[in-house]
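In what follows, a single structure is set out as C-alpha cells and then discussed.
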C-alpha cells in the first residue's frame, strides 16, 4: 500500500480531485450526497497530501516522488512535452495547504451556496486539481496548462455564486490574469525553442543565456506579479474578493495568490537567476510599496471583506520582499509566510462569511459588541487577527520575522519601511477587531445564531495550525531549508558578477561599502 | 499517353464515386418514391463510405504523397484528415438539420437538401485533392454552388434570402477572379500545376497579376480581411446546420487550397502575411466583441481564427526547408481540425437552442445552463476550445502556430498575435457569462427536453475536442 502510494502519490494528488469532479458531475444523487461525495474526494486528496508531507525527505533539495510519462512531441524540436510531476521543499507546504483548505471549503459551503450544488462541487474539485497541478508540474507546458485550468473554475465560482456585481468582478479577474498568462506563453515558447527542452528540472540545472533570461523573466514575472498581486496590478483583487462567495475567497486568498509567489521562486529565481538579480531592486521596491500602500488602503476600508482583501496585498508584499532578498532565511520566511497567509486570511474570510450569513452586511459600522453576543466568533476572529498581525506565538510572527531578519543585511531601508508595515497591520487589524467585537451591542447583533457545527469544523483546524506553526515551526521549516539554500546559492554567482561589474567604476572605498551592503559576508571572503 | 485508369486513380477517386453515387441515388429515389428517411440513410451511408474510402488512401500516403490522374489530383496526410473532417461535418449537418430544416415547408426540400449537401461535400473533397487549376476550379465551384442554395433554403425568411444572394453575388465575383487569374498564370507560364504559381509570381507582370487575382479569390473564400465582409451576414442568415458545415468544411477545404495554391514567399513575404493575419485577427476580434447575437459573434470569431491561420502562412513564407514547410502543413491541419470540431459543436448546440428560443440573440439565452445543462456544457467546452484554453484542442492548435512563428523568426508578430487573442477571450467569456451566470427570466426554470439524437451527436465533436487537447498524438499521424 505504502509503496503504491509513494509511486503514484503525485498522480493521485492531481487525479483524485479530477476524477472526483467528473464523478460528481454525472452521479445521480441528491444535493446532500453530492456534497458528501465531493468531501470524500477532497478528504482522500488531503490524506494523500499529508502522506506526502509526512514522508517528505528533508535531507535533499531535489524533487521527490517524481513521475514522468512522455506526452507529445513539440513540432520541429527534439523536445518532448511530458506529463511530469515532482515535489520539492517549495511545493510541499503549498500542496498540503491546498489539500487542507478544500475540504474545509466544502464543509462550510452550505452557508453561502444554496443553489446549483452539483456545479459548485464540480468546479471546486476541478480547481483543486488545477492548483495541485500548478505546484507539482515538472514541465513548462504542463505548468502552463494547469495554470490556466485553475483559472476557469474560479471564473465560474465568482460568476455564478458571487454577489451583486459578480460578473464585472469575475471578468476583470480573468482578463487581468490572462494578460499575464498570455505573456508567459510567449516566454515559454521561446525558452522551449532555444533550450530544446521543456523539462523543468533540466532547465533549472542549465544556465540559460542572459538575453533569453531577461526576456523570459519579464514575461513570466509579469504574469506572476499580476497573480500575486503586487501594487500596480492589484486592482482586480478587491473586486474579486468582495464579490466571491466565501469558499471562493478562501481559495483565492489561500492558494491562488500563492501560485504567483511560487512561480516567482520556481521560475524567477531558479530558472532565470541572472535576470532576477537585475530586477531585484525594482521588485523589492514594489514589494515594500505593496506593504505600505496595501496597509494604508486596508486601513481606509469600511467593508470587512475589502479590508481583509487589501491586507492580502500588504502580506504578499512581505513575501515578494523575502524572495528578492535572495537570502536563505528570507526565502524560508517567504515560503512559510505564503502558507501562513493562506491559513490566517483563509480563516478571516471564513469568519467574514460566518457573520455575513447571519447579518447580510459586511460594513464595520453595522457591528459592535459581538464579543459578548457571539463569543465563539470573537475567539476565532481575535486569534486570526493576531496571527495575521504577527503576534509572537502565532504563525504570522515566524514568517514575518524570518523575512525581515533575513532581508535586513543589505536591505536595511527596505526592511525599515516593511517594519513600518507591520505596525500599520496592527493598526488596521486591531482597529477592525475593536469596531466589530467591542463597544455597545446593537440590538440587531444581540440574537445571533450560534456557530454551527460545520463552522466549527472549518475554523478549528485553521486555528490549530496557526498555533502549531507559531509554537513549533521546526518541522515545517526543515522541509524548506535545503531548497531555499539551494535557491540562494543559485543566485550567488550572478550577484557576485554584478558586484564585480560595479567595482572598477567606483572608487576603492565606496566599492567596499557597496559590497558590504549587498552581501554581509563580503568582508570574510 | 495511356488512357486506362491506374490503381492510384481508383484509390483517389473512390470517395468521389461514393459521394456522387449517393447524390444521384437520392435524386432517383425521390423521382421514384419520395421517402425522407430513406434519402437520409442513403446520404449518411454515402458519406460514411466516402470516409471509409479515405482510410486506404491514408495508409498509402503515410510515406509520400500520392498522385493520380496524371497529376490532376494529389494528396498527403493533412489533406486526408481534413477530408474526413469535411465528411464528418456534412454527416453532422444532416443529423442536426433532421428535425429543424428538413421538415421545413412540409419537408418538400428534403431531396434538395441531401443532394446539395452531398455535392457540396464532393466539392470540398475535390478542392482538397486538387493539384491542377482545372480541378481546383471545379472543386471550388462544386463546393460553392450548392452552398448558395443551402444558405437560402428557408425561402420565406428575408435574412436567409439576403444571405444567399450576398454569398452568391460575392462568391461569383470571386470565382471570376479565380478563373481570370488562372488564365493569366497559364498564359505567363504555360503550366497549370501549383508549381506554376511560384514561377508566375517571379516572372512577368502578367503572371504576377494572375497570381494576385487567384490569391484574392482564395482569400475571399477563406474570409480573410479585407474580403471578410460577407461572413457575418451569410453565417447569420444561413440555417444554423448549414453554418456549421460552412464553418467547418468550407473553411478546411479552402484554407487547405490556399496552402497549396498561395505563392510561398515570392509574392508576399513573411511580414506581409503576418500583417494580413494581424489585421484579420484584429478586425475579426473587434467586430465580434460587441455582437449581441451569439451566431454572429461566432461567425466573426471565425474571421479571427483565419487571422491565426494566416500567421501559419507567414511562418511558411519564412520557412526555408521543405521539411519545415510540411511541418507547418501539419500544424495548419491540426488547427483546422481543432477549429472545425469546436465550431461544429458550438453551431450545433446553438441550433438546438434556437429551436426553443427562435433566434440566437444572447439576451434570450440568459441562464440557459439552468434549463439545458448538457447543451450549455457542450457550448462551454466548444467556446473554451475556440478561445484556446488548455486541455482543449484549441489551445494546442494556437500553441503550435505560435511555436512555428517564433521558430521562424517572427517573435514580435507572435507576441502581437498572442496579445490580440485576449480580445477573443473577452467575447467567449462574455458568452459564458450569458449562458451560465445570468439568471433565466423565470423564478424556477424548468428543464427542457432535448433532441436526444442531435444532442448525442453533439457530444462527439465536444469529446473529440477534449481528447485531441489532452492527447494530441491522436492526430499527429
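Protein chains in written order, with this note's numbering: chain Z, 1 to 525; chain A, 1001 to 1477. Yeah, the Cβ is synthetic: ideal placement off N, Cα and C, and Gly gets one too. In this text, all values refer to a predicted model and were calculated from it rather than measured experimentally.
(request) From the DSSP output, read off the bridge partner residues of residue 72 (chain Z). (result) Z:81
(request) Please report the residue range of the beta strand (DSSP E) in which residue 1068 (chain A) lies. (result) 1066-1068
(request) Sort A:1189, A:1307, A:1269 by Cα distance to residue 1225 (chain A) and report the nearest one. (result) A:1307
(request) Find the residues of chain Z that neighbour residue 1426 (chain A), judging by a C-beta separation of less than 7 Å, and give them in chain order. (result) 175
(message) Any beta carbon from chain Z within less than 8 Å of residue 1270 (chain A)'s own beta carbon?
(response) no
(message) For a test of the three-state rule: what should DSSP assign to residue 259 (chain Z), helix, strand or coil?
(response) helix
(message) Within a Cβ cutoff of 7 Å, which residues of the same chain sit near residue 1155 (chain A), ignoring the five residues on either side of it in sequence?
(response) 1161
(message) Give me the DSSP bridge partner(s) of residue 199 (chain Z).
(response) Z:139
(message) Between residue 226 (chain Z) and chain A, is the shortest Cβ-Cβ distance under 8 Å, so that the two count as touching?
(response) no
(request) State whether the stretch 254-264 of chain Z contacts the stretch 214-231 of chain Z, with contact taken as three or more CB pairs (one from each stretch) at a distance under 8 Å. (result) yes
(message) Which residue wins for smallest C-alpha separation from residue 1324 (chain A), given the options A:1116, A:1406, A:1185, A:1089?
(response) A:1406
(request) Pull up the distance between the alpha-carbon of residue 1468 (chain A) and that of residue 1084 (chain A), whole angstroms please. (result) 15 Å
(request) Ignore the nearest five residues each way along the sequence and tell me which others in residue 231 (chain Z)'s own chain have a CB closer than 8 Å to its CB. (result) 286, 289, 290, 293, 294, 313, 317
(request) Report the residues of the stretch 148-171 of chain Z with a CB closer than 8 Å to any CB of chain A, ordered along the chain. (result) 148, 149, 152, 155, 156, 159, 160, 166, 167, 170, 171
(message) Can you tell me whether residue 391 (chain Z) is helix, strand or coil according to DSSP?
(response) coil
(request) Kindly indicate which three-state DSSP category residue 1130 (chain A) falls into: helix, strand or coil? (result) strand
(request) With a cut-off of 8 Å on the beta carbons, I'd call residue 1304 (chain A) and residue 1288 (chain A) a contact; round off their distance for me. (result) 6 Å
(request) Tell me, please, whether the CB atom of residue 1414 (chain A) is closer than 8 Å to any CB atom in chain Z? (result) yes
(request) Using a Cβ cut-off of 8 Å (strictly closer), state whether residue 1437 (chain A) contacts chain Z. (result) yes
(message) Can you find the residues in the same chain that come closer than 8 Å, C-beta to C-beta, to residue 1012 (chain A), ignoring five residues on each side of it along the sequence?
(response) 1057, 1066, 1068, 1069, 1073, 1075, 1129
(request) Please state whether DSSP places residue 429 (chain Z) in a helix, a strand or coil. (result) helix
(message) Below 7 Å on C-beta distance, what does residue 1391 (chain A) contact in chain Z?
(response) 145, 149
(request) Check whether the Cβ of residue 291 (chain Z) lies closer than 8 Å to any Cβ atom in chain A. (result) no
(message) Using the three-state DSSP reduction, which class does residue 497 (chain Z) fall into: helix, strand or coil?
(response) helix
(message) Check for me: the alpha helix (DSSP H) holding residue 1378 (chain A) runs from which residue to which?
(response) 1373-1387
(request) Sort out for me which residues DSSP pairs residue 1151 (chain A) with in a bridge. (result) DSSP, once it has assigned bridges, lists no residue as partnering residue 1151 (chain A).
(request) Spell out whether any CB of chain Z is found under 8 Å from the CB atom of residue 1295 (chain A). (result) no
(request) Using a Cβ-Cβ cut-off of 8 Å, state whether residue 189 (chain Z) counts as contacting chain A. (result) yes
(message) Assuming contact is defined by CB atoms lying nearer than 8 Å, are residue 367 (chain Z) and residue 435 (chain Z) in contact in what I supplied?
(response) yes
(request) May I ask which residues mark the beginning and end of the alpha helix (DSSP H) holding residue 1101 (chain A)? (result) Note, residue 1101 (chain A): premise wrong, no alpha helix (DSSP H); not H, not E.
(request) Could you name the residues that DSSP lists as bridge partners for residue 363 (chain Z)? (result) Z:303
(request) Look at the alpha carbon of residue 106 (chain Z) and the alpha carbon of residue 408 (chain Z), and state the distance between them as a whole number of angstroms. (result) 41 Å
(message) Looking at the secondary structure, which residues open and close the alpha helix (DSSP H) in which residue 107 (chain Z) lies?
(response) 89-108
(message) Taking 8 Å as the threshold (beta carbon to beta carbon), is residue 1421 (chain A) in contact with chain Z?
(response) yes
(request) Enumerate in chain order the residues of its own chain whose CB-to-CB distance from residue 531 (chain Z) is below 6 Å, with the five nearest sequence positions on each side excluded. (result) Outside the shown range of chain Z, which is 1 to 525, sits residue 531 (chain Z), and nothing can be said about it.
(message) Considering only their Cβ atoms, is the gap separating residue 494 (chain Z) from residue 320 (chain Z) smaller than 8 Å?
(response) no
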